[in-house]
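J.:
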Amino acid sequence: MIAGPDRTPLPRTFFDRPVLEVAPDLLGRTLVRRTPDGPIELRLTEVEAYAGPADPGSHAYRGRTERNAVMFGPPGHAYVYFTYGMWHCLNLVCGPEGFPSGVLLRAGEILSGQEWAHKHRPTARNDQELAKGPARLATALGVDRRLNGSDVCSGPQAPMWILTGTPVPPDRVLSGPRTGVGGEGATHPWRFWIDGDPTVSPYRAHTPRRRKSDAPSDRT
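In terms of full-length UniProt numbering, the sequence shown has 38 at position 38, counting the first letter as 1, and numbering is strictly consecutive.
1) Quick one: what's S175 bridged to in DSSP?
2) Which value, in whole angstroms, describes the spacing of the CA atoms of H59 and D16?
3) To test your reading of the DSSP string, which unbroken beta strand (DSSP E) runs of 3 or more residues are found completely within the stretch 56–142?
4) Helix, strand or coil, according to DSSP, for D151 in the structure here?
5) Starting from the C-beta of R43, find all residues in its chain whose C-beta is less than 7 Å away, skip the five residues before and the five after it, and write them out in chain order.
6) Give the straight-line distance between the Cα atoms of D151 and G76, rounded to the nearest whole angstrom.
7) Count the other CB atoms within 10 Å of the CB of S201; is the residue buried (16 or more) or exposed (fewer)?
8) By Cβ distance below 8 Å, which residues in the same chain neighbour D37 in space, the five residues on each side in sequence not counted?
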């Protein structure tokens, strides 16, 4: 693999910016995941921005916890969380240290390492489905909580990093509400994706969970 300007890892200064600048600027760039069988490369096609204490949809909205502590650290690190008791999701911390904002990597196109990705995602019917959604993306890349806090700016010695590459032209980037986010943050147009890309996941609005106390009752 020949090194060149487009193969240079993104520097920390790229991530040390407001999350609403970083998120769309990640589209079209390539994430490299180092594995025992060689690198896997994924072109990012869909992301979501989460703006910390100002964002009701963010894990950091109510402050620092053991789970979200990485978000409060320096930019350019991976925040990996476990959800629904079975899936992992991969985020990249951005903004100044101490301000917990991040970008959720929602979907991408596997450019190399498809065979390895299919071993981790045996239910994928084709290459386009390998990383079509945040949990699928993390699974296809073999990302779990062991990578939480990984420095994505330290280059090829790291478990994963982002190549400088060539970002998508602004006229190809669309935005809209984030998938599954309800409440005050439901209408923020902070989901960004590449127009017409077949690996982008379908949008799903937030569905409120019914509590037992909300169930229909015949009592008056």
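Cβ coordinates follow ideal geometry from the N, Cα and C atoms, glycine included.
T.: According to the structure data:
1) F192
2) 19 Å
3) Qualifying beta strand (DSSP E) stretches, in chain order: 78–83, 87–94 and 101–112.
4) strand
5) G28, T30, G108, E109 and L111
6) 6 Å
7) buried
8) G113 and W116
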